[in-house]
Structures are given as structure tokens and as C-alpha cells.
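Number of protein chains: 2
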Amino acid sequence: MQIDILYSGVCHSDLHQARDDWGGSLYPMVPGHEIVGRVVKVGEHVTKLKVGDIAGVGTVVDSCRHCDPCNAGLEIYCEEGCTPTYNGKERGSDKLTFGGYSDQIVTDERFVVTIPNTLDLKAVAPLLCAGITTYSPLRHWKVGKGQKVGIIGLGGLGHLGVKFAKALDAHVVMITTSPDKGKDALRLGADEVLVSKDKAAMAKAKATFHFLLNTIPVSHDVNPYLELLKLDGAMALVGALTPLEPIVGFNLMLPRRSIGGSATGSMKETQEMIDFCAMHNIVSDVEMIQMQDINTAWERMRKNDVRYRFVIDMASLKSAA
Amino acid sequence: MQIDILYSGVCHSDLHQARDDWGGSLYPMVPGHEIVGRVVKVGEHVTKLKVGDIAGVGTVVDSCRHCDPCNAGLEIYCEEGCTPTYNGKERGSDKLTFGGYSDQIVTDERFVVTIPNTLDLKAVAPLLCAGITTYSPLRHWKVGKGQKVGIIGLGGLGHLGVKFAKALDAHVVMITTSPDKGKDALRLGADEVLVSKDKAAMAKAKATFHFLLNTIPVSHDVNPYLELLKLDGAMALVGALTPLEPIVGFNLMLPRRSIGGSATGSMKETQEMIDFCAMHNIVSDVEMIQMQDINTAWERMRKNDVRYRFVIDMASLKSAA
């Protein structure tokens with residue numbers, strides 16, 4: 229279906245990929261995989277959305293559609309590799325995929341979710357990547373009532389992690405290096421703040437957490453966080469793709485703990501998250517920008533100077549043209 | 229109860245602790261936590277075993293008995309710290325605990341398992357540590373029929389991992405640096421061998437395993453093994469207590485994978501394992517030694533020159549006395 233893009237969230241990975249921080253970037257590149265828009269045209273077999281509906285597109289626009297993960301609806305984990313919304317190639321072709329910093333996108337309905345009009349649409353955009361990246365592990369590791377859950381790092385991902393974990397009825401602890409951010413986390417719904425630089429507080433919190441959502445986007449030492457986990461506690465890594473500082477084996481053994489990774493989530497789960505957000509009135513905290521401001525926004529994002537997600541009003545693209 | 233020790237397995241950790249490789253060793257030290265003996269005296273409240281029964285003592289001889297893990301029967305994960313069979317202190321005392329390289333041990337029945345006479349008793353001793361250390365994670369991560377399971381490293385732990393995983397009906401792959409050990413793994417019941425130095429074979433095996441039991445006892449790079457795991461596959465670390473080489477976050481995310489640790493197992497599970505061994509006729513491959521040979525045995529163990537566990541015939545201690 230063809231979608232007129234209304235809003236496009238600015239993800240930290242846009243900056244990484246535009247600057248080829250991870251290698252293998254394909255140019256020309258149009259970043260953006262947090263897309264909210266209006267359906268303007270549908271093919272004759274499309275049943276999910278109709279013209280005029282609000283549509284969301286996230287990080288994936290295609291996959292092999294026949295491997296076990298695809299059959300299980302986990303297209304992001306496609307064994308042949310999913311097709312990223314941008315900085316990828318269309319399947320069986322050398323044609324590049326282009327993302328949401330644009331006026332339009334054409335996508336198969338399988339990779340589109342329905343956005344209810346009741347939500348603040350500009351603040352929905354970041355849910356399509358930051359949202360599902362935090363919602364999916366919270367669900368996969370079965371976070372819920374009676375659990376003490378730590379959200380490590382307060383940024384685009386972390387602030388949504390706090391909102392989701394709270395809505396899932398967990399006791400939510402914001403774990404941050406910054407007491408200031410801690411205060412803001414309380415506003416977002418956290419029950420407690422644990423300042424990770426406070427060694428006494430960290431020691432006191434040892435072996436008390438059921439689950440940790442680690443949103444730190446760069447290489448770091450996870451050992452002090454692992455020690456916070458109770459027996460059979462788990463830490464999900466959603467930010468750091470690069471090598472972590474050495475994990476001490478003992479920290480995983482006594483008590484038995486685990487660390488896992490998670491990459492966004494399935495299309496089915498993305499729709500479930502949008503519906504969950506509609507029910508709990510959850511959206512991202514956003515700062516709106518014009519397309520013309522993107523370089524400044526990237527610089528500010530690099531310095532963690534945004535509360536908590538930039539979103540581009542794509543109307544600005546048309547006014548500039 | 230009071231137990232006359234018949235056999236004492238020689239665990240790699242005996243050497244580490246005797247030489248203070250991990251720091252904090254307490255001397256004088258009597259190593260040994262793979263103990264099989266005969267009950268010679270019981271207190272009036274003892275119901276589990278009677279005089280003449282064959283008893284097993286593993287790595288733990290006491291715990292707080294009131295924390296959540298203890299209440300769940302997971303004494304090894306006692307929140308106040310369990311009391312190790314040797315190189316520890318008796319609870320509420322400065323009296324050191326002494327292990328199985330001895331003629332007798334006195335232990336509370338809670339920390340003793342019953343050994344059926346039908347098993348080869350000298351080859352049972354290593355089950356009390358090496359056995360439960362491999363059995364427990366295979367059960368915890370629900371290894372079974374229809375799964376492809378890799379056992380990484382063929383030593384005291386690995387050779388029992390192969391036997392258990394096979395008895396649990398998994399498709400078992402021995403992952404080793406040594407093609408020679410690979411051949412021996414087939415004798416032990418492995419269905420396949422994957423030589424980890426063979427880059428083409430490792431690449432071909434990418435994302436095909438459900439579970440990996442990593443028995444490598446030293447710091448190493450787990451990334452090449454992580455890449456072998458399918459979506460939602462897990463690696464359990466049971467050997468390396470020291471810092472691992474940096475784990476690349478991406479390897480945990482695409483696809484979603486996890487790495488966890490595991491330390492021996494509960495007393496209940498240890499009894500379950502012994503019963504499982506009786507049912508499937510599983511014991512350790514052992515090389516018997518006299519107490520007088522321990523230094524040579526440790527040197528050979530250090531060089532991985534034992535197939536697959538030394539066991540001390542404790543009668544040798546009496547003959548020496």
C-alpha cells in the first residue's frame with residue numbers, strides 16, 4: 229500500500245547507519261524506520277487497511293516469508309535476513325530500500341500496523357522502533373505483577389521501557405548514572421531510582437531484581453548490573469550491538485542468571501503493542517523538529533540531549549520543496 | 229550422619245582451590261566434593277538413609293535453610309551463601325569444612341543423596357559434581373527430543389554432558405578443538421562431531437542449535453559458539469568462572485539468543501540425577517588412583533590428560549596410614 233508519511237521518528241541507529249558506524253552502509257540513504265502516515269492507495273488484495281487509515285511502518289519491510297521464524301510471525305528474525313526499511317536492498321534486487329525521512333513509502337500490508345486515531349500520532353512514531361524494541365523483551369521475559377524490574381538507561385528506549393513495565397504492573401526501578409534523569413523517570417512512572425554510580429546503593433540492591441532491560445546504546449561493563457539479578461533473573465540487551473566488556477562467568481553462575489538480546493519484535497507483537505498503548509494511553513515523549521533541523525537534532529541526540537525522541541513533521545519536507 | 233568414604237572424585241576445582249587460583253582459599257584444606265561412601269552412624273532423627281546404605285555428598289554441606297532458594301530446594305543458590313563441602317567455614321563458626329580426600333565425613337541428611345547399589349560406585353563419585361553440573365542445566369533449559377544440542381569441550385563435565393543429553397533423547401553434537409576427542413565422543417554416544425577450528429564447518433552450523441552446554445573451564449571467546457544458536461537458543465556456561473572475551477551484543481540480538489550460567493544443582497535434582505543414572509546406566513568414565521598419586525593426577529588433569537575423571541580409592545589412605 230502507498231502511505232503519505234506524516235511523522236518520522238529519529239532513531240539513534242539512523243545516525244549510526246548514516247555515518248557507517250557499523251560498516252556496510254549503502255548510499256544514497258534515506259534513514260527513518262519509525263513511520264506514521266495515512267494510507268492513500270491500496271492494491272486490490274489488501275484487506276488490513278483502507279484508504280484514509282493511519283498506518284505504521286517500523287524497521288522491517290520484507291522477509292523470506294517461508295522460514296520457521298517468518299512462519300511464526302517473527303519476520304525480524306528471518307533466517308535469510310529480513311529486509312530493513314532503509315539501508316537494505318529489496319529482495320532479489322539491487323534496488324535500495326529508503327526509509328521514513330521522506331514524503332511517501334510503499335509497503336506490503338504484512339509489514340504495516342494499524343494505528344488508532346485516539347493516540348497522539350506524532351508521538352506514536354517512536355513506538356515503531358523504540359517502542360517495540362522495549363515492549364517485546366518485557367513480554368518475552370514475561371514481566372508482570374510481583375516483579376522488580378530495572379530499566380537501565382533513560383533515553384528514547386528507556387523512557388518507553390519505564391512506561392511499559394509500569395503498565396505491565398511491575399515494580400519499576402530506573403537505573404541511571406544521572407540523579408537528574410532519575411527524577412524524570414519518577415515522572416514517567418518509575419517507582420524507584422537506583423543511581424548506578426552509587427556503590428553503596430548498588431551493593432544493597434544486589435540479587436534483588438527479576439529482570440533488567442538494558443538500553444545502554446554503547447559498549448559497557450554489564451557485570452555490575454548482572455549482580456543485581458536474583459536467582460533465575462535475566463537481563464535483556466537491546467541497545468549495545470558492539471562488544472561488551474568481559475563478562476565474569478561467575479556472575480552468571482552464582483546465582484544462575486542469564487543475559488539475552490532482543491531486536492525489535494514481530495509484526496503481530498507490534499500491533500499488540502500499539503493496541504496496548506491505546507488501552508494504556510502510552511506514547512513517546514517527543515520533541516518535534518522540521519526536516520531542515522535534522523543535523524542539529526542528530527548532534528543533540530549524540531549528546532543524549534533530547535527528552536526523549538525527536539520526531540520529524542514531514543509536512544516540513546513539502547514546505548521546503 | 230557419619231560416612232566412611234569409599235571413593236572421592238578429583239574435580240578441576242580441587243586444583244584451582246588448592247592453588248588459590250580464584251583467591252580466598254582457606255588452609256589447611258582437604259579438597260574433594262565428589263564423595264561416595266557407606267553410612268556408618270546416623271543421628272536419631274535421620275530417616276533418609278540407614279547404617280550400611282551407600283551415600284553421596286556433593287559440593288554443598290549446609291545452607292541458611294530459610295531463604296527463597298533454600299525453600300525451593302536450591303541450596304546451592306542460598307542467598308546467604310551455601311557452605312561448600314571444603315574450603316569453607318561451618319555456619320556461624322570459624323571451623324573449616326573439609327572435603328572428600330579423607331576417610332570420613334559427617335553431614336546432615338539434607339545434603340546427602342542415596343546411591344543405588346546397582347551402579348558402579350567408584351564411577352558414581354564424579355556424578356556428585358561433574359554429573360549434576362551438566363545434568364542440571366540440561367534439565368533447566370528443557371533439553372529433549374527434537375533438539376540439536378551441542379556439548380562444548382570434552383573433559384570430566386563434557387563427557388557426562390554427552391551421556392545425559394543422549395539419554396534425554398536430544399541429537400547430540402560434540403563441539404571440540406580436537407578431532408581425536410571427537411572420535412571418543414562418538415563412542416560416548418554423540419551423534420555428530422563439530423571441530424571448532426574448522427571454520428567452514430562452523431559457518432555451515434550457524435544458527436542450527438537449540439542449546440549449547442559450554443564446559444570449557446577457562447576464559448575464552450564464546451562468540452563463535454553463540455553464532456551456532458538458533459532463534460531463542462541458549463548457551464549454558466558451567467566451566468568458565470573467569471572473565472570471558474568480549475561478547476558482541478549483536479550476536480545476542482539477531483537472532484534473539486541468551487547465555488546463562490549454572491552452578492551444580494539442587495539436592496532434589498542431584499537425587500533425581502542419580503536415579504536417572506540408575507535407570508539409564510550412566511556413570512563417569514574414570515581412572516582410579518591411590519591417594520599417594522594425587523600430585524601426578526593433578527598435573528595430568530591440568531594438561532587435560534585424563535579420560536575423563538580421576539577417582540581416588542580412599543582405601544589407599546588407610547593403607548598409607
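Top to bottom, those sequences are chains A and B. Those letters in the first sequence? Residues 229 to 549, per this note's numbering, in order. Those letters in the second sequence? Residues 229 to 549, per this note's numbering, in order. In this text, a Cβ means the ideal position worked out from N, Cα and C, and glycines have one as well.
Along the chain, where does the alpha helix (DSSP H) containing PHE478/A start, and where does it finish?
The residue labelled residue 478/A in the question sits at position 250 within the first sequence. Annotation for PHE478/A: the continuous alpha helix (DSSP H) segment containing it runs 477-481.
Give the residues of chain B in contact with MET501/A, contact being defined as C-beta atoms less than 9 angstroms apart.
In the first sequence, residue 501/A corresponds to position 273, counting from 1. Chain B residues near MET501/A: none, gap ~16 angstroms exceeds 9 angstroms.
Taking the beta strand (DSSP E) that HIS438/B falls in, what are its first and last residues?
Position 210 of the second sequence holds residue 438/B. Note, HIS438/B: beta strand (DSSP E), 437-442.
Run of the beta strand (DSSP E) containing ILE304/B, from where it starts to where it stops
By one-based count along the second sequence, residue 304/B stands at place 76. From DSSP, ILE304/B is part of no beta strand (DSSP E); its letter is neither H nor E.
Mapping DSSP to helix, strand and coil, what is LYS350/B?
Along the second sequence, read from residue 1 onward, the residue named residue 350/B stands at position 122. Helix.
Please report the distance separating the alpha-carbon of VAL476/B from that of LYS394/B.
The residue you call residue 476/B lines up with position 248 of the second sequence. The residue you call residue 394/B lines up with position 166 of the second sequence. So the two alpha carbons sit approximately 31 angstroms from each other.
CA-CA distance, ASN442/A and ASP521/A?
Taking the first residue of the first sequence as position 1, residue 442/A is located at position 214. Taking the first residue of the first sequence as position 1, residue 521/A is located at position 293. Their Cα atoms are separated by approximately 30 angstroms.
Please return the same chain residues whose Cβ sits closer than 7 angstroms to the Cβ of ALA589/B, not counting the five positions on each side in sequence.
This structure gives no information on residue 589/B, because the portion of chain B shown stretches from 229 to 549.
Contact set between PRO297/A and chain B, taken where Cβ atoms lie within less than 8 angstroms
By one-based count along the first sequence, residue 297/A stands at place 69. Within 8 angstroms Cβ-Cβ: LEU459 and PRO483.
For VAL274/A, which residues from the same chain have a beta carbon less than 6 angstroms from its beta carbon, with the 5 sequence-adjacent residues on both sides left out?
Position 46 of the first sequence, counted from the first residue, corresponds to residue 274/A. For VAL274/A, where only same-chain residues beyond five positions count, the Cβ hits under 6 angstroms are MET229 and GLU337.
Using a Cβ-Cβ cut-off of 7 angstroms (strictly less than) and excluding sequence neighbours within five positions of ARG319/B, which residues of its own chain qualify?
Position 91 of the second sequence holds residue 319/B. Cβ neighbours of ARG319/B within its own chain (closer than 7 angstroms, five residues either side excluded): ASP290 and THR311.
Name the residues in the stretch 488-514 of chain B whose C-beta lies less than 7 angstroms from a C-beta of chain A; which are they?
Cβ contacts with chain A come from GLY488, GLY489, SER490 and ALA491.
Threshold first: 4 residues or longer. Then list the alpha helix (DSSP H) segments lying entirely within the stretch 366-444 of chain A, N to C.
Qualifying alpha helix (DSSP H) stretches, in chain order: 384-395, 407-416 and 427-432.
Nearest chain B C-beta to THR443/A closer than 8 angstroms, yes or no?
As a working mapping, residue 443/A is identified with position 215 in the first sequence. So no, THR443/A is outside the interface.
What are the boundary residues of the beta strand (DSSP E) that includes SER236/A?
Here residue 236/A refers to the residue found at position 8 of the first sequence. Residues 230-237.
Taking 8 angstroms as the threshold (C-beta atoms), are THR362/A and LEU396/A in contact?
Here residue 396/A corresponds to residue number 168 of the first sequence, with the count starting at 1. Here residue 362/A corresponds to residue number 134 of the first sequence, with the count starting at 1. No. Outside cutoff.
Give every residue of the same chain whose Cβ lies closer than 8 angstroms to the Cβ of VAL279/B, excluding the five residues on either side of it in the sequence, and list them in chain order.
Stepping through the second sequence from its first residue, residue 279/B is reached at position 51. Around VAL279/B: VAL267, VAL268, LYS269 and VAL270.
Does the beta carbon of THR313/A sit closer than 8 angstroms to a beta carbon anywhere in chain B?
Working through the first sequence from its first residue, we reach residue 313/A at position 85. It does not: the Cβ of THR313/A has no partner Cβ on chain B nearer than 8 angstroms.
Would you call the stretch 428-439 of chain A and the stretch 365-379 of chain A touching, i.e. three or more CB-CB distances under 8 angstroms?
Under the three-pair Cβ rule at 8 angstroms, the stretch 428-439 of chain A counts as touching the stretch 365-379 of chain A.
Reference ALA506/B, options THR287/B, THR335/B, GLY383/B and PHE392/B, closest by Cα
Here the question's residue 506/B lines up with position 278 in the second sequence. A check of alpha carbon separations from ALA506/B across THR287/B, THR335/B, GLY383/B and PHE392/B identifies PHE392/B as the nearest.
Just checking, does the stretch 491-508 of chain A make contact with the stretch 339-352 of chain A on the three C-beta pairs under 8 angstroms criterion?
Three or more Cβ pairs closer than 8 angstroms define a contact, and the stretch 491-508 of chain A meets that threshold against the stretch 339-352 of chain A.
Can you give me the C-alpha to C-alpha distance between ASP547/A and ARG535/A, rounded to a whole angstrom?
Taking the first sequence and counting its residues from 1, one reaches residue 547/A at position 319. Taking the first sequence and counting its residues from 1, one reaches residue 535/A at position 307. Looking at the sequence itself, residue 547/A is Ser, so the reference to Asp does not match. Cα to Cα, SER547/A sits roughly 26 angstroms from ARG535/A.
Can you name the start and end residues of the beta strand (DSSP E) that GLU515/A belongs to?
Looking up residue 515/A in the first sequence gives position 287. Unbroken beta strand (DSSP E) run through GLU515/A: 514-517.
Just to make sure I have the definition right: I need the residues of chain A whose C-beta is within less than 8 angstroms of the C-beta of SER486/B. Which are they?
Position 258 of the second sequence holds residue 486/B. For SER486/B, the chain A residues whose C-beta falls within less than 8 angstroms of its own C-beta are ALA462, SER486, ILE487, GLY488 and GLY489, listed in chain order.
Flag GLY417/B as yes if its beta-carbon sits less than 8 angstroms from any beta-carbon of chain A, otherwise no.
What you label residue 417/B is simply residue 189 of the second sequence in a count that begins at 1. So no, GLY417/B is outside the interface.
Expressed to the nearest angstrom, what Euclidean distance is found between the alpha-carbon atoms of ILE304/A and THR470/A?
Residue numbering aside, residue 304/A sits at position 76 when the first sequence is read from its first letter. Residue numbering aside, residue 470/A sits at position 242 when the first sequence is read from its first letter. Approximately 19 angstroms between the Cα atoms of the pair.
By Cβ distance below 7 angstroms, which residues in the same chain neighbour THR346/B in space, the five residues on each side in sequence not counted?
As a first step, residue 346/B is located in the second sequence; it is residue number 118 there, counting from the start. Result list for THR346/B: ALA506, in chain order.
On the three-pair Cβ rule with 8 angstroms, is the stretch 397-407 of chain A touching the stretch 424-432 of chain A?
Three or more Cβ pairs drawn from the stretch 397-407 of chain A and the stretch 424-432 of chain A lie within less than 8 angstroms of each other, which places the two stretches in contact.
So that I know if they touch, is there some Cβ in chain A lying closer than 8 angstroms to that of VAL476/B?
By 1-based counting over the second sequence, the position of residue 476/B is 248. So, interface residue.
Residues bridged to ARG266/B by DSSP?
Looking up residue 266/B in the second sequence gives position 38. Within the DSSP secondary-structure output, ARG266/B pairs in a beta bridge with ASP232/B and ILE282/B.
Taking Cβ positions, are GLY488/B and ARG247/A nearer each other than 8 angstroms?
Locating residue 488/B in the second sequence gives position 260, counting from the first residue. Locating residue 247/A in the first sequence gives position 19, counting from the first residue. By the CB criterion at 8 angstroms, GLY488/B and ARG247/A fall outside the cutoff.
Identify, in the order they occur along the chain, each residue of the same chain with its Cβ nearer than 7 angstroms to the Cβ of GLY410/A, setting aside the five sequence neighbours on each side.
Position 182 of the first sequence holds residue 410/A. Hits under 7 angstroms: MET402, THR404, VAL421 and VAL423.
Curious, which full-length beta strand (DSSP E) runs of at least 3 residues does the stretch 319-350 of chain B contain?
Along the length of the stretch 319-350 of chain B, whole beta strand (DSSP E) runs at least 3 residues long occupy 332-334, reported in chain order.
C-alpha gap between LEU456/A and ALA429/A, whole angstroms
Here residue 456/A refers to the residue found at position 228 of the first sequence. Here residue 429/A refers to the residue found at position 201 of the first sequence. Cα to Cα, LEU456/A sits roughly 11 angstroms from ALA429/A.
Could you give the residue range of the beta strand (DSSP E) that holds ALA246/A?
To locate residue 246/A, count along the first sequence from 1; it is residue 18. Premise fails: ALA246/A lies in the alpha helix (DSSP H), 240-246, not in any beta strand (DSSP E).
Could you tell me whether the Cβ of LEU388/A comes closer than 8 angstroms to any Cβ of chain B?
Your numbering for residue 388/A matches position 160 in the first sequence. Between LEU388/A and chain B, the shortest Cβ-Cβ separation is not below 8 angstroms.
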